[in-house]
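Reviewing the structure listed below.
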Amino acid sequence: MMKKEEQQNQPRRNNPYFGFFLGILLIMFLNGLVFPRLLEQQIVNTDYGTFISLVDGGKIKQVKIEENRIYFSALNEESKEVTYQTGAINDSELVDRLLKAESPNENGKIVFTKTIPRESSPILNFLLMWVLPGFLFYIFWRQISKMMQTRMSDGGNVMSFGKSGAKIYAESEVKTTFADVAGQEEGKEALAEIVDFLHNPEKYTSIGASLPKGALLVGPPGTGKTLIARAVAGEAKVPFFSISGSEFVQMFVGMGAAKVRDLFKQATEKAPCIIFIDEIDAIGKKRDNAFGGGNDEREQTLNQLLTEMDGFDGRKGVVILAATNRPEILDKALFRPGRFDRRIQMELPDLEGRKAILEVHLKKVKHEKVNLDIVARATAGTSGAELANIVNEAALKAVRMGRNKITTNDLEECVEVVIAGAQKKGKVISEKEKKIIAYHEIGHAMVAAKQTNSAPVHKITIVPRTSGALGYTMQVDSGEQNLMSKEEMLNRIATLTGGRAAEEIICETVTTGASNDIEQATKIARAMVTRYGMSEKYDMMGLETTNNAYLGGDSSLTCSADTAAEVDSEVLQIIKNAHSKAARLITENIEKMHQTAGFLLEKETITGDEFMEILNK
Ligand code: ADP
Ligand code: MG
Ligand code: ZN
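Its first residue numbered 6, the sequence shown is counted upward by one per residue in the working numbering.
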């Protein structure tokens with residue numbers, strides 16, 4: 006947690022003396038007014054005559070004679086025992102009377118005693134009644150105000166910089182642990198060493214080793230970089246100073262190199278501790294003008310950061326973690342040994358990883374037995390953050406439906422929500438349009454199913470989504486795939502053209518519904534030619550480079566304009582071939598097309614199994 010305070014306003018402290026006097030007043034009030042009243046309420050005042058007549062009437066059970074008062078318990082008209090008090094009178098016959106009188110007690114005798122007047126010292130009384138409670142109260146109050154003070158300043162775990170009042174607060178107790186980070190085993194393993202070092206540095210220093218001063222977490226957004234950094238702090242149980250790159254810029258850039266030096270100096274005093282710089286690309290950009298022009302101030306700050314990382318003592322137990330999703334724009338100098346010399350790659354989760362992440366997040370919600378496999382298979386390419394979102398959406402959906410547990414079905418629905426946008430309710434689609442949409446989607450599915458290598462369809466729906474997709478074919482890969490063969494890519498393109506082909510052949514029209522298919526098919530075909538060396542003509546010549554591998558992967562052509570034109574015709578040829586293949590498959594299976602589309606039109610949803618059943622009948 007980090008805050009920048011504009012002015013240093015003194016935390017409002019509660020004066021302990023005020024509390025002390027408040028306590029005294031409270032005790033006086035209780036002792037003087039409340040307690041006696043409470044006690045008196047149960048005792049009925051009465052006169053001596055009534056007492057005597059009760060004694061003679063044989064109603065008294067117990068009598069207790071004090072210096073000035075007589076307390077006695079007697080049965081009233083309803084035979085309930087009531088305690089009375091009356092003033093004591095110098096009555097010499099009282100004892101006789103009590104001895105002779107009858108009583109409802111078992112042995113028929115009144116039990117009576119006279120208390121021995123206790124010579125209570127007024128000083129002791131005063132001590133017990135006033136001083137001791139006051140003292141206890143004072144100690145109690147001291148403790149509370151101390152707790153409040155430490156909370157305000159985070160137990161002294163704060164680094165403050167100069168007069169500007171800029172402060173970095175440490176989170177004293179990070180609750181995140183490695184158990185919260187699913188998958189990412191390599192990352193955890195690499196960081197476990199750092200945790201171990203922070204736990205017992207002697208083990209490493211005794212042999213003369215000093216630990217990496219910094220580790221850089223690299224990977225696409227939402228893969229858990231911030232999460233794992235917190236987990237390191239949680240595991241190591243050390244103060245965790247977290248600052249984002251932009252806050253760092255705001256705090257340190259333009260403040261002079263001394264500030265950065267100060268940061269490291271203070272960190273060393275707080276050692277062992279972790280400093281986490283999130284989104285470090287904000288400061289760590291390459292020191293040249295290629296990315297948005299030079300920035301002298303920023304460069305100097307970066308320089309200072311680098312120098313300080315070199316200079317500070319790695320055996321002290323200060324570990325610097327940083328995270329970024331754009332490693333390619335970082336200054337190479339940051340990676341030099343002695344700086345961020347560990348680079349920890351966080352990847353998008355694979356099938357097993359996705360299952361594990363879903364499991365971690367399902368632990369936080371109530372759910373029935375969930376088929377994780379289906380959900381994990383349907384979510385290829387999603388990040389941990391998206392999976393967390395899917396689970397949360399599913400929980401929200403369950404609540405909306407008035408259920409108190411998540412089902413597999415909820416999760417499946419929410420995969421579609423997160424990937425394809427929520428179901429669009431109330432959007433009216435004409436019957437004619439619905440028919441076109443159904444045949445379009447079935448067209449994709451048919452082409453996919455008829456090509457053995459294509460992934461079987463999991464589910465097709467023609468319930469429109471808010472994202473604008475009118476129908477949706479959920480493809481579920483049967484296994485984790487890292488390599489794609491040329492055939493598979495061609496099949497994929499054919500599947501994508503299948504929707505349009507069905508429109509043409511069956512509905513005898515073409516619609517705008519295929520725009521996304523066109524975009525995707527073109528992208529794949531182009532990549533085949535320019536990046537994967539899958540065309541005859543260009544063999545293994547690379548025609549494109551990828552920038553920003555972790556952020557969508559824009560690419561730019563590296564060939565001449567003439568070649569670019571030829572690439573276009575090559576791409577066109579691939580798509581044309583795929584399109585005619587799709588058209589052929591649909592014409593060959595036109596009967597099945599009608600059957601499955603009929604089913605879909607009626608039910609609005611068809612699962613892969615239902616589809617295959619009709620197909621194989
Ligand atoms: P990043 O910093 O890489 O962009 P975050 O660490 O902020 O991603 O992740 C965002 C959220 O996504 C986390 O709070 C967590 O709920 C979820 N998440 C991401 N990766 C994982 C993972 N490997 N295991 C469990 N949850 C994850
Ligand atoms: Mg992050
Ligand atoms: Zn389509």
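Cβ coordinates follow ideal geometry from the N, Cα and C atoms, glycine included.
In this structure, Ala220 has its beta carbon at no less than 7 angstroms from each heavy atom of ligand 2. Excluding five sequence positions before and after Ala234, the CB atoms of its chain that fall closer than 7 angstroms to its own CB belong to Leu222, Phe281, Leu326, Ala328, given in chain order.
Short of 7 angstroms from the beta carbon of Ser540, and not among the five residues preceding or following it, lie these beta carbons of its own chain, in chain order: Met533, Val534, Glu575.
In the structure shown, Asn376 adopts coil according to DSSP, grouped into three states. For ligand 2, the residues with a Cβ under 6 angstroms from any of its heavy atoms are, in chain order, Lys230, Thr231, Asp283, Ala328. Just measuring C-alpha positions, the residue of Gly503, His584, Lys437, Val237 sitting nearest Ala453 is Gly503. Judged by their CB atoms, Val375 and Ile395 are not nearer to each other than the 8 angstroms cut-off.
Gln189: not part of any alpha helix (DSSP H); DSSP gives it neither H nor E. Distance from the Cα of Lys440 is smallest, within the candidate group Leu416, Thr466, Glu418, Lys455, for Thr466.
Per DSSP, reduced to three states, the secondary structure at Asn487 is coil, with no helix or strand assignment. By the neighbour-count criterion, in which a residue is buried when 16 or more other Cβ atoms sit within 10 angstroms of its Cβ, Thr550 is exposed. In the DSSP assignment, Ile233 falls within the alpha helix (DSSP H) that extends over 230-241. Taking Ala236 as the centre and dropping the five residues before and after it, the same chain places the C-beta of Thr181, Thr182, Phe183, Asp185, Val186 closer than 7 angstroms to its C-beta, in chain order.
Ile212 has its Cβ no nearer than 7 angstroms to any heavy atom of ligand 1. Between Leu339 and Val324, the alpha-carbon positions lie close to 15 angstroms from each other. Between the alpha carbons of Phe131 and Met33 lies a distance of about 12 angstroms. Counting only residues whose CB is nearer than 5 angstroms to a non-hydrogen atom of ligand 3, the list in chain order is Gly504, Asp522. At a threshold of 7 angstroms, Pro244 does not count as near ligand 1, since its beta carbon sits no closer than that to any of the ligand's heavy atoms.
Closest in C-alpha terms to Glu593, from the list Lys242, Trp135, Glu398, Lys455, comes Lys455.
Taking 7 angstroms as the cut-off, one finds no heavy atom of ligand 1 near enough to the beta carbon of Asp378. If you compare the alpha carbons of Gln350, Leu356, Leu141 with that of Ile29, the shortest gap goes to Leu141. Just so you know, the alpha carbons of Leu620 and Phe604 end up roughly 12 angstroms apart.
Judged by DSSP in its simplified three-state form, Met164 adopts strand. Around the C-beta of Phe26, fewer than 16 other C-beta atoms lie within 10 Å, and the residue is accordingly described as exposed. Ligand 1 never approaches Pro332 closely enough for any of its heavy atoms to be under 7 angstroms from the residue's Cβ.
DSSP links Arg347 through a beta bridge to Ala220. Of all alpha-carbon atoms in Asn36, Asp315, Leu232, the one lying nearest the alpha-carbon of Glu284 is that of Leu232. For Lys105, no pairing in a beta bridge is given by DSSP. Counting only the Cα atoms, Glu178 lies some 20 angstroms from Ile149. Look at Asp201 here: in three-state DSSP terms it is helix. Within the stretch 520-556, the complete alpha helix (DSSP H) segments of 4 residues or longer fall at 520-535, listed in chain order.
By the beta-carbon neighbour count (other beta carbons within 10 angstroms, threshold 16), Leu104 is exposed. From the listed residues Ile511, Ala507, Leu548, Met494, the smallest Cα separation to Gln525 is found for Met494.
Rounded to whole angstroms, the separation of the alpha carbons of Ile498 and His599 is 23 angstroms. Between the alpha carbons of Glu72 and Arg102 lies a gap of roughly 19 angstroms. By the C-beta criterion, the stretch 340-351 is judged to be in contact with the stretch 214-230, since at least 3 inter-stretch pairs fall below 8 angstroms.
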